[in-house]
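In this note's numbering, the protein residues as written are 87 to 588.
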């Protein structure tokens with residue numbers, strides 16, 4: 087196809103974006119249903135549907151007609167608005183990557199992810215890694231090949247990292263994690279020498295139906311518009327976005343662990359707020375969604391930790407907890423609650439880890455992923471390697487696969503290279519808070535009243551509204567300067583030194 091005018095080319099770009107995001111939406115709904123409502127035996131039929139839709143998506147992006155469109159837009163770049171230029175850039179990246187991937191491999195990988203998720207759930211329920219092992223072996227094999235398709239000039243794991251955090255490398259992450267370890271390990275060591283207090287309310291029974299009411303209260307406090315954001319239940323909490331008018335979050339309730347669902351709702355709610363606050367102009371285009379997974383995790387970690395685990399927030403939510411659970415919370419005051427939700431206790435489960443040791447969990451996964459992709463670790467040896475690193479990094483013994491290498495869903499989705507985003511997001515969020523408070527003053531006075539509007543408005547103005555228009559490095563620098571992990575190191579040192587009187 088030839089283009090006779092810029093209007094014609096832009097019309098095709100717009101149509102292509104709408105069609106592409108429609109298929110993403112369709113596959114996403116299927117994935118959401120699989121995790122929340124579909125019967126366990128339905129995965130094979132779902133795989134057939136996934137194969138068909140994946141083939142259509144492949145043909146849509148890898149079509150040679152897109153090269154003509156991209157070339158025309160590049161030749162007439164001076165006529166493009168900044169948004170249109172960025173759309174062209176994102177399309178070009180996707181096109182070049184997709185055409186390097188053989189169609190049969192792309193389709194097979196998407197079917198594999200469907201099958202892999204279903205068998206990860208079986209393996210986790212049975213605490214038997216061998217059920218999941220053959221699927222993870224195929225995923226690792228695919229990702230090694232895909233890394234070469236993405237960017238053959240980069241080490242394979244660097245190429246995968248760039249799919250989640252553009253510009254990120256193992257060299258940068260190695261230095262980043264070493265800096266964090268130099269701060270976290272001494273703090274944990276000092277805290278471990280102190281008398282460790284127990285908080286009985288944490289272990290009491292909290293009926294799930296009342297926990298659901300508390301989730302609604304948390305979403306209301308976060309000003310999440312329920313007309314556009316749903317909440318469901320799944321084995322592993324996650325967020326799925328289709329556009330800024332349709333975002334879904336999930337959580338998992340445990341009667342004997344109120345804090346698990348509380349912080350998963352706040353965490354996933356942070357993801358949701360990011361998506362809901364994106365500018366309408368990016369809906370149904372190649373620029374929908376967040377700038378990167380690191381930026382996305384900065385928002386979930388911001389609300390979960392910097393806000394959700396603050397003393398101001400603890401003081402605000404405690405009366406609601408006492409209202410819903412009067413017997414269980416009868417002997418709890420603000421100080422007890424605040425210290426309980428910030429207790430440092432090296433543990434097994436990442437999503438329930440305390441704020442200080444959390445990044446050690448990420449480091450375990452980062453080291454294993456590097457080895458899997460480089461071929462220095464075989465998939466069959468993952469449980470042993472996992473257990474060894476948990477002993478080395480966190481000082482805890484892993485009793486079984488469910489509490490160990492099967493706890494996270496990410497590898498079943500093929501997401502190798504994703505986990506470092508959690509640690510980067512934590513560091514980004516601390517830097518954002520520091521700059522926010524320089525500009526707005528003490529935001530926690532409002533938090534203590536349950537008013538997060540000023541915080542969310544700042545984040546919308548500086549982060550959320552841009553969706554994928556700005557690259558992550560530019561977005562962060564425009565909002566709060568060049569990335570500096572010292573903000574996060576200083577935040578952790580100050581917070582936990584005060585908590586434990588170090």
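Cβ atoms here follow ideal geometry from the backbone N, Cα and C, with glycine treated the same way. All values reported here derive from a predicted model rather than from experimental measurement.
Using DSSP with H/G/I as helix, E/B as strand and the rest coil, what is residue i?
i           : result
residue 184 : helix
residue 419 : coil
residue 334 : strand
residue 587 : coil
residue 87  : coil
residue 230 : helix
residue 508 : helix
residue 293 : coil
residue 496 : helix
residue 51  : In the structure as shown, the chain begins at 87 and stops at 588. Residue 51 is therefore absent and cannot be evaluated.
residue 395 : coil
residue 311 : coil
residue 445 : helix
residue 92  : helix
residue 433 : coil
residue 151 : helix
residue 220 : helix
residue 247 : helix
residue 425 : helix
residue 119 : helix
residue 374 : coil
residue 139 : helix
residue 527 : coil
residue 66  : The chain is shown only over 87 to 588; residue 66 falls outside these bounds and no answer can be derived.
residue 254 : coil
residue 414 : coil
Taking C-alpha atoms, which residue in the options lies nearest to residue i?
i           : options            : result
residue 154 : 187, 97, 103, 88   : 88
residue 429 : 108, 241, 285      : 285
residue 545 : 568, 531, 520      : 520
residue 384 : 511, 458, 313      : 511
residue 552 : 162, 173, 109, 156 : 173
residue 443 : 188, 181, 199, 270 : 270
residue 160 : 525, 146, 177, 197 : 177
residue 537 : 251, 112, 304, 569 : 304
residue 540 : 393, 179, 104, 300 : 393
residue 488 : 295, 566, 210      : 210
residue 467 : 476, 478, 454      : 454
residue 508 : 449, 206, 312      : 449
residue 71  : 171, 221, 202      : Absent from the model: residue 71. The displayed extent of the chain is 87 to 588, so no value can be given.
residue 569 : 254, 424, 315      : 254
residue 268 : 578, 586, 584      : 578
residue 121 : 200, 306, 279      : 200
residue 426 : 344, 350, 500      : 344
DSSP has residue i in a bridge; who is on the other side?
i           : result
residue 549 : In the DSSP output, where bridge partners are listed per residue, residue 549 has none listed.
residue 319 : 337
residue 325 : 335
Under a Cβ-count criterion, where at least 16 other Cβ atoms within 10 Å of its own Cβ denotes burial, should residue i be classed as buried or exposed?
i           : result
residue 281 : exposed
residue 535 : exposed
residue 361 : buried
residue 418 : buried
residue 322 : buried
residue 162 : exposed
residue 123 : exposed
residue 571 : buried
residue 358 : buried
residue 90  : exposed
residue 331 : exposed
residue 336 : buried
residue 456 : buried
residue 550 : buried
residue 125 : exposed
residue 291 : exposed
residue 543 : exposed
residue 251 : buried
Pull up the CB-CB distance for residue i and residue j, whole angstroms please, since I reckon it's below 8 Å.
i           : j           : result
residue 347 : residue 297 : 5 Å
residue 144 : residue 193 : 7 Å
residue 183 : residue 236 : 6 Å
residue 114 : residue 326 : 5 Å
residue 341 : residue 293 : 7 Å
residue 389 : residue 352 : 5 Å
residue 263 : residue 469 : About 23 Å separates the two Cβ atoms, so there is no contact after all.
residue 370 : residue 376 : Not quite, the Cβ-Cβ distance comes to about 16 Å (not below 8 Å), so this is no contact.
residue 529 : residue 518 : The pair is not a contact, with the Cβ atoms about 11 Å apart (cut-off 8 Å).
residue 484 : residue 434 : 6 Å
residue 582 : residue 277 : 7 Å
Using a beta-carbon distance below 7 Å, is residue i in contact with chain D?
i           : result
residue 418 : Protein chain content of the structure displayed is limited to a single chain, and chain D is not contained in it.
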